[in-house]
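The structure under discussion appears below in the form of structure tokens.
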Amino acid sequence: MPIFLRAYSENPSAVAGAVLVFALVAASILAPLLTEFAPKELGGAPLQPPGAGHLMGTDDLGRDLWAQFLYGGRASVIVGLVAAAISTVIGVSLGAISGYFGGWVDDVVQRMTEMFSIVPRYFFAIVTVAILGASLINVICVIGLLSWPPMTKLVRAEFATLRSRSFVDAAKMGGEGPMFIIFNEILPNALPPIVVQTILTISAAVLMEATLSFLGLGDPNLISWGLMLNKAQQFLTLAPWMAIFPGLAISLFILGLNLMGDGFNQALNPRLRLEARK
Amino acid sequence: MSDLLRLDAVERHFDLGGGLAELFGQRRILHAVDGVSLSIGPGETFGIAGESGCGKSTLARLICRLDRPTGGSITFDGQDLGKLNRNEVRALYREIQMVFQDPMASLNPRKTVGRIISRPLRRQLGLTGTPLRNRVLAAVSEVDLNPAEDYIQRYPHELSGGEKQRVVIARAVALRPKLVVADEPVTSLDMSVRGKVLALMSDLQARHGLSYLFITHDLRVLRIMSSRAAIMYLGQVMETGPTAELFARRYHPYTKALFSAEMVPDPRAVRRTRGRLIEGEVASALNPKDACRFRERCPWRRPRCDAETPKIDAAAPGHGVACHFWREIAAGTANSTIKETT
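Chains A and B supply the protein sequences, listed in that same order. My numbering puts the first residue of the first sequence at 2, with every later residue one more than the last. My numbering puts the first residue of the second sequence at 46, with every later residue one more than the last.
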């Protein structure tokens, strides 16, 4: 792994991405240390512009926006990580089975994957959340269940290539069963693209959560950047800072994750690593 | 003679679908292995030679039960490979092991040499702890990778090509199988290490009484390693017999051509034999008709060659030739389309 770390750290945009992501994650985790206000605490004058007392100003009810900015990051991080974990588990399992066994198993899994990938994502998410209620768990599950098809396609392709390598035949001749071969022989060799795809899935999940919240379909009791944007709509000309800061947070977080994804891709792929050095 | 391995009319046809031709009810069937019969005795090395695409590797996979024949039967040590259940297949892999062509691809890049060799011993023989460790170290030093303690901690990318192939051989032989199927084991190695790896394989054979099925396209390797051999072309055996006999008296036109295409140290010798070199490319194994597979490139082609697949004819005890006209060719009474220069 040291080779990987060195390659990653030599790539400035990858480092910048990691810094952005870790700064925003750290800020949301350390929120209580960074502000004296609670995110839903009333009391300040409404719609104050950014200034000394309130770093990012206040909203229409006089709540501190800096506090909301910090605590709001928690929703994004949780949704991003858990939804990506769900989609990675589903995507990797189905892709591995599909690519390793091939034949009719592959056909069934691929048709299922295609059904999920042609569903209009946002429409489906909006309808589901509207019917089942806009709780954090529902939002996470919906996003997780909608994001696995690209992972499945990717893992399937990796497995289809790797299964014909002769170390797989050697494992069969060592008396190993399919589960051992899939998880112990092939999967470790397919990890690099899976890691990259997982990071990109986190980014897509964060964006989707923000979108749902912005449309008013997120958990209304949970402060998130999307929800802050949703509230800011009504005061766009009166208090533009209400929109600017959460908007900036979402953009920077997504940007950071994508830069990290690219950085991982380059650092884990020996051929790209050589090109980046030129 | 009690055979260790016996192949009876083994076929492996791949259905490639029809493409456009399927509209007319025709499917494209690739006859990768087409009616191969042979047998290997205990402790023997049987060589299989032929150009690439002649079905050698498919045959190896069939024997190792990594693929199933579409016709014929394979019998190993008295048991029909087609009738084995999952546990019997696992047990079979204590007796049959394989050495693969590309050592890089046959070692998992994420595992150390120690794990690669120990896993089958633990799974197949139930070894654990110190006995397992000792067995692994013995297997590694047996293939001349010393110090073994050092080598078992290395990853495949930290080994040279020859060392990797030694690890592959160690993994195969560690289980003390009866038969090792070696699919072009030295083809991807440097000339300088080929000889050493071949010598190692001969050593191990003598020490453990292994049988080898040795697949190669290099006739020099065939000559050194095998006691009996079969020459394959487009999925069929063209000629088979004791290796020494094949090198002394070859009857099949393809064998003659193949052997004369071999590099010869004396350029004048090449000039003398040039008249026999084959022309053209290997024909397609797609939907072959009932005819001699070699007819399109054969200088002695006659109408009968287009109408009937030759059967193996015994030229001498244990020496078979799949050619309608080998007697005439040997006697010099057949007319060749290529003039032989002398």
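Positions of the beta carbon are idealized from the N, C-alpha and C atoms, including for glycine.
Expressed to the nearest angstrom, what Euclidean distance is found between the alpha-carbon atoms of residue 377/B and residue 99/B? Roughly 28 Å separates the two Cα atoms.
Can you tell me which of the three DSSP states residue 47/B falls into? coil
Counting pairs of Cβ atoms below 8 Å between the segment 205-215 of chain A and the segment 187-194 of chain B, do you hit three or more? no
Under 8 Å by beta carbon: chain B residues contacting residue 190/A: 153, 154, 155
Closest by C-alpha distance to residue 248/B, when choosing among 270/B, 264/B, 290/B, 229/B: 270/B
Here's a check: name, in chain order, each residue in its chain whose Cβ is nearer than 6 Å to the Cβ of residue 26/A, leaving out the five neighbours to either side. So the qualifying residues of the chain are 78.
Of all the residues that make up the segment 159-193 of chain A, which are near chain B by a beta-carbon distance shorter than 7 Å? 166, 167, 168, 170, 171, 173, 174, 175, 176, 177, 186, 189, 190
Contact set between residue 168/B and chain A, taken where Cβ atoms lie within less than 9 Å: Within chain A, the residues near residue 168/B are 175, 176, 177, 181.
Would you kindly work out how many angstroms separate the C-alpha atoms of residue 217/B and residue 49/B, rounded to a whole number? In a straight line, the C-alpha of residue 217/B is about 18 Å away from that of residue 49/B.
Anything in the segment 95-127 of chain B with a Cβ closer than 7 Å to a Cβ of chain A? List those residues in chain order, please. Within the segment 95-127 of chain B, the residues whose Cβ lies closer than 7 Å to some Cβ of chain A are 109, 111, listed in chain order.
Is residue 205/A near the ligand FAD, in the sense that its beta carbon is under 7 Å from a heavy atom of that ligand? In the structure shown, the ligand FAD is absent, as is every other ligand, since no ligand is present at all.
CB contact check: residue 10/A to chain B, cutoff 8 Å: no
Residue 89/B lies in the alpha helix (DSSP H); which residues open and close that run? Residue 89/B -> no alpha helix (DSSP H), and no H or E assigned at all.
Would residue 119/B pass as a contact of residue 258/B if the rule is Cβ separation under 8 Å? no
Could you run through the segment 50-63 of chain B and flag, in chain order, every residue whose CB is less than 7 Å away from some CB of chain A? Cβ contacts with chain A come from no residue of the segment 50-63 of chain B.
Near residue 67/A, which residues of its chain fall below 6 Å by C-beta distance, leaving aside the five closest residues on each side in sequence? 36, 56, 57
Using a C-beta cutoff of 8 Å, does residue 287/B count as contacting chain A? no
Determine the burial state of residue 159/A: buried for a count of at least 16 other Cβ atoms within 10 Å of its Cβ, exposed for fewer. buried
Ends of the alpha helix (DSSP H) at residue 165/B? 158-170
Thinking just about the alpha-carbon of each residue, which of 340/B, 260/B, 159/B is nearest to the one in residue 106/B? 260/B
Three or more C-beta pairs closer than 8 Å, one from the segment 214-230 of chain B and one from the segment 139-153 of chain B: is that the case here? With the cut-off at 8 Å, the segment 214-230 of chain B and the segment 139-153 of chain B touch.
Among 17/A, 7/A, 209/A, 156/A, which has the Cα closest to the Cα of residue 184/A? 156/A
Inspect the beta-carbon positions of residue 260/A and residue 17/A and report whether they are closer than 8 Å. yes
To which residues of the same chain is residue 63/A closer than 7 Å at the C-beta, ignoring the five residues directly before and after it? 43, 44, 45, 46, 47
In chain order, which alpha helix (DSSP H) runs of at least 4 residues are fully inside the segment 192-233 of chain A? 226-233
Find the nearest neighbour of residue 288/B within the set 81/B, 92/B, 161/B, 69/B, judged by alpha-carbon distance. 92/B
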